[in-house]
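First the structure, in the form of structure tokens, and then the observations on it.
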């Protein structure tokens, strides 16, 4: 072989080796660029941390809409991670609109609202989320007076939430929904607006943080080391007279529904159930996937059903 041929062969071999080194380094860099950051997502108190209502009345008034389940459960439901903190009236082109800025205190009242889409028109198609097309919440600025309703929608896209009597003060109204068409199809959204109930708005101090609360003769106990901004497992146990409760009835496609509100700004969070409904009796321990995006005090509201009656237990949870 001539000197020129040997030189050309050696140069090609060196070039190939250099290419292999660059490729290996590139692959290693790609492998190390995996995002490890936490996925951010977004629990009434009052002097009596319990309330109950007839489950039959609740279903009759607001209507259960069976269909596709976006329950947020690990067994196939939709993740609610992108809902935000619920403190805005508009997100991603969708807006909660209402002409109501005040409601009477001390009597039942109807709150009417619409959800408009990016095109400015009322949205009328909503996906079913935990057996309902709309979850509506009302809470006073001091985190008292919690209400969780499932309003009815008119043909023109107007929803009507029939509220129980409000105490005087500033209230925030939340609409939690999933559009079933348009650019936001499948997106979990929580939007809110405020209203005022006139009168002497005396603030109720938030009860101290605790791991258990009583409601209608039941005791609810929360276990879990929660940290702000990260998802942690949490277990809720239900007992009565010191004995575990095993006759929890299905409610909203789970054995208990859990929401939370942050002290101060009223940021909203829905804690996602992990316990799958496998019959008409559940308990005593229920698993949740808890994501509370901010540190501080959160007021948790656990709703569960026994003997056809819906119970609500409330407790304050401190999150570091």
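Residue numbers (the numbering used here): 1440 to 1759.
Glycine residues also receive a C-beta, built at the ideal position from the N, C-alpha and C atoms.
Note that the structure is predicted; figures quoted are calculated from it, not measured.
Asked: Rounded Cβ spacing between residue 1629 and residue 1525 (contact assumed at less than 8 Å); Found: 4 Å
Asked: Host beta strand (DSSP E) of residue 1585 (start-end); Found: Taken as a continuous stretch (DSSP letters only), residue 1585 belongs to no beta strand (DSSP E), as it is neither H nor E.
Asked: Range of the contiguous beta strand (DSSP E) that encloses residue 1694; Found: That residue, residue 1694, is in no beta strand (DSSP E); it is neither H nor E in DSSP.
Asked: Own chain partners of residue 1632 with C-beta closer than 7 Å, once the 5 adjacent residues on each side are dropped; Found: 1528, 1535, 1537, 1612
Asked: Assumed close pair residue 1709, residue 1698 - CB separation to whole angstroms, cut-off 8 Å; Found: 5 Å
Asked: Under the three-state DSSP convention, the category residue 1542 falls into; Found: coil
Asked: CB-CB length for residue 1598 against residue 1579, believed under 8 Å; Found: Actually they are not in contact, since the Cβ atoms of residue 1598 and residue 1579 sit about 21 Å apart, beyond 8 Å.
Asked: CB of residue 1676 within 9 Å of CB of residue 1660, strictly; Found: yes
Asked: Unbroken stretches of the beta strand (DSSP E), 3 residues or longer, contained in the segment 1601-1685; Found: 1608-1616, 1628-1636, 1651-1654, 1657-1662, 1670-1679
Asked: When 1604, 1619, 1752 are compared against residue 1635, the one with the closest alpha-carbon; Found: 1604
Asked: Burial state of residue 1581, where buried means 16 or more other Cβ atoms lie within 10 Å; Found: buried
Asked: Helix, strand or coil at residue 1715 according to DSSP, with G and I counted as helix; Found: coil
Asked: Neighbourhood of residue 1745 by C-beta distance below 8 Å, restricted to the same chain and skipping five residues each side; Found: 1657, 1684, 1686, 1687, 1688
Asked: Alpha-carbon spacing of residue 1766 relative to residue 1705, whole angstroms; Found: There is no way to answer for residue 1766, as the model of the chain reaches only from 1440 to 1759.
Asked: Cβ-based burial, residue 1583 [other Cβ within 10 Å; buried from 16]; Found: buried
Asked: Cβ pair residue 1606, residue 1544 closer than 9 Å; Found: yes
Asked: Member of 1539, 1549, 1594, 1728 whose CA lies at the smallest distance from the CA of residue 1665; Found: 1728
Asked: Distance CB(residue 1753)-CB(residue 1565) smaller than 9 Å; Found: no
Asked: Residue 1551 versus residue 1558: straight-line alpha-carbon distance, rounded; Found: 21 Å
Asked: Between the CA atoms of residue 1639 and residue 1494 - distance to the nearest angstrom; Found: Caution applies to residue 1494, whose pLDDT of 38 falls short of 50 and renders its modelled position unreliable; the value that the coordinates give is listed next. Approximately 32 Å, taken between the alpha carbons.
Asked: Beta-carbon proximity check, residue 1563 vs residue 1601, cutoff 9 Å; Found: no
Asked: Alpha carbon of residue 1736 to alpha carbon of residue 1637, nearest angstrom; Found: 27 Å
Asked: For residue 1671, the nearest candidate out of 1643, 1730, 1700 (CA to CA); Found: 1730
Asked: Pairwise C-alpha distance: residue 1680 and residue 1615; Found: 35 Å
Asked: Where residue 1571 falls, given that 16 or more other Cβ within 10 Å makes a residue buried; Found: buried
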